[in-house]
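Here's the structure, in structure tokens; my notes come after.
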Amino acid sequence: MTRPEDAMHKARRAASRLLDGLTRLPLLHAPWSGEAERLRQPVHAATFVVLDLEMTGLVPRRDAIIAVAGVTMRGERILAGRCFEAKMRPHLPPEEDAIAVHGLLPDETATHDDPAESLAAFRTFCGEAVPTGWHVGLDAAFLDAAAQRHGVRPWPRRTLDVRGLHLALRHRLPARAAALATKDADLYAVARVFDIDVAAAHDAAGDAWLTALVLQRLLVHGDCGHMTLGDLFHLAATGLHELNGATAMTF
Numbered sequence: 251m252t253r254p255e256d257a258m259h260k261a262r263r264a265a266s267r268l269l270d271g272l273t274r275l276p277l278l279h280a281p282w283s284g285e286a287e288r289l290r291q292p293v294h295a296a297t298f299v300v301l302d303l304e305m306t307g308l309v310p311r312r313d314a315i316i317a318v319a320g321v322t323m324r325g326e327r328i329l330a331g332r333c334f335e336a337k338m339r340p341h342l343p344p345e346e347d348a349i350a351v352h353g354l355l356p357d358e359t360a361t362h363d364d365p366a367e368s369l370a371a372f373r374t375f376c377g378e379a380v381p382t383g384w385h386v387g388l389d390a391a392f393l394d395a396a397a398q399r400h401g402v403r404p405w406p407r408r409t410l411d412v413r414g415l416h417l418a419l420r421h422r423l424p425a426r427a428a429a430l431a432t433k434d435a436d437l438y439a440v441a442r443v444f445d446i447d448v449a450a451a452h453d454a455a456g457d458a459w460l461t462a463l464v465l466q467r468l469l470v471h472g473d474c475g476h477m478t479l480g481d482l483f484h485l486a487a488t489g490l491h492e493l494n495g496a497t498a499m500t501f
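The C-terminal residue of the sequence shown carries number 501 in the working numbering, and the numbering is unbroken.
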């Protein structure tokens with residue numbers, strides 16, 4: 251029997267191949283208000299929404315979001331009282347891999363909330379915070395497609411990929427984290443080397459919270475508080491480009 255973690259890793263690897271261009275260029279369509287000034291903002295004062303989605307499949311233009319969750323951070327601080335979670339009714343039934351990962355059957359998702367209302371509420375929750383996540387390019391592509399499908403205001407175009415940040419900061423991390431092989435460095439493995447419990451993960455809310463905890467450790471151990479937001483984007487993009495054998499992009 252396929253374990254949820256194995257199915258999730260398989261799905262994420264497939265998504266990475268499918269959306270390689272998106273992970274290399276983590277941008278959404280909407281302009282970012284006051285972008286030049288925002289990029290100079292110190293990390294310790296910046297606001298992030300660490301998000302995670304559950305989807306019916308891996309193709310943003312065809313498949314649907316069935317759950318979304320977000321955790322707000324200000325710099326290195328997790329704002330536990332500023333969280334969001336919604337489960338949405340898809341226009342297509344979940345694929346087999348999605349059912350294995352999330353345990354959501356078609357009959358269950360049929361009773362979920364209206365997607366347009368849930369997405370609009372999540373967009374309001376996010377505001378102008380930086381959309382942040384593990385393999386966030388996939389989430390960004392789904393949010394962008396869903397925004398167009400349901401007439402929701404697009405998300406800010408710059409996103410922060412926590413996986414890329416981890417790869418770029420490895421030399422600054424504790425020995426156990428730095429020694430983790432790149433091929434093994436999925437979200438759960440990275441969380442474990444930071445002694446973070448992963449038992450509550452595997453749904454949108456659990457994975458968003460787990461990613462926020464990992465980001466917190468990276469910002470602290472990477473001594474990122476004094477950096478600018480532009481520096482952080484550059485680091486994350488550098489990590490992703492090195493992973494893909496490309497030259498790091500500049501901001």
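All residues carry an ideal CB built from backbone N, CA and C; glycine is no exception.
Exercise. DSSP three-state call for E335: helix, strand or coil?
Worked result: strand
Problem set entry | Buried versus exposed call for S283 [16 or more other C-beta atoms within 10 Å across all chains shown] | exposed
Problem set entry | Option in K337, I315, A379 and A370 with minimal Cα separation from R288 | A379
For this session: Just mark G331 as buried or exposed, buried being the case when its beta carbon has 16 or more other beta carbons within 10 Å.
Result: Exposed: under 16 other Cβ atoms inside 10 Å.
For this session: Ignore the nearest five residues each way along the sequence and tell me which others in L393's own chain have a CB closer than 6 Å to its CB.
Result: W405
Exercise. Contact check, G325 vs A458 under 8 Å by CB: the rounded distance?
Worked result: Not really, about 18 Å apart at Cβ, beyond 8 Å.
Exercise. To the nearest whole angstrom, what separates the beta carbons of V440 and A427, a pair I think is in contact under 8 Å?
Worked result: 7 Å
For this session: Just confirm the distance between the C-beta atoms of L460 and A451, as a whole number of angstroms; I'd bet it's less than 8 Å.
Result: 5 Å
For this session: Find the nearest neighbour of V402 within the set G383, G377, H294 and G387, judged by alpha-carbon distance.
Result: G377
For this session: With DSSP collapsed to three states, give me the class of G489.
Result: Residue state, collapsed to three classes: helix.
Problem set entry | Beta-carbon proximity list for A395, same chain, < 7 Å, skipping 5 on both sides | P310 and R311
Exercise. Within this structure, are the beta carbons of G475 and L415 separated by less than 9 Å?
Worked result: no
Exercise. Is it right to say P424 is buried, meaning 16 or more other beta carbons lie within 10 angstroms of its own, or is it exposed?
Worked result: Taking every protein chain shown into account, the CB of P424 has fewer than 16 other CB atoms within 10 angstroms, so this residue is exposed.
Problem set entry | Where the alpha helix (DSSP H) containing T461 begins and where it ends | That run of the alpha helix (DSSP H) goes A454 to H471.
Exercise. In angstroms, rounded to a whole number, what distance separates the CA positions of H279 and A487?
Worked result: Low per-residue confidence applies at H279: pLDDT is 49, beneath 50, and the placement is therefore not dependable, though the value from the model is reported in the following sentence. So the two alpha carbons sit approximately 18 Å from each other.
For this session: Identify whether P404 lies in helix, strand or coil by the three-state DSSP scheme.
Result: coil
For this session: Go ahead and pull the three-state DSSP assignment for L410.
Result: strand
Exercise. Do you know whose CA, among A314, I328 and K337, lies nearest V300's CA?
Worked result: I328
For this session: Could you tell me whether the Cβ atoms of V386 and D411 are closer together than 9 Å?
Result: Result yes, Cβ atoms of V386 and D411 sit closer than 9 Å.
Exercise. Which full runs of the alpha helix (DSSP H) of 4+ residues lie inside the segment 373 to 403, going along the chain?
Worked result: 386 to 400
Exercise. In this structure, does DSSP put F444 in helix, strand or coil?
Worked result: In the structure shown, the three-state DSSP call for F444 is coil.
Exercise. Would R408 be called buried (16 or more neighbouring beta carbons within 10 Å of its own) or exposed?
Worked result: buried
For this session: State yes or no: is the C-beta of A454 within less than 9 Å of the C-beta of A317?
Result: A454 places its beta carbon less than 9 Å from that of A317.
For this session: Tell whether a beta-carbon distance below 9 Å holds between A418 and E367.
Result: no
Exercise. Hey, would you say A296 sits closer than 9 Å to L482, going by beta carbons?
Worked result: yes
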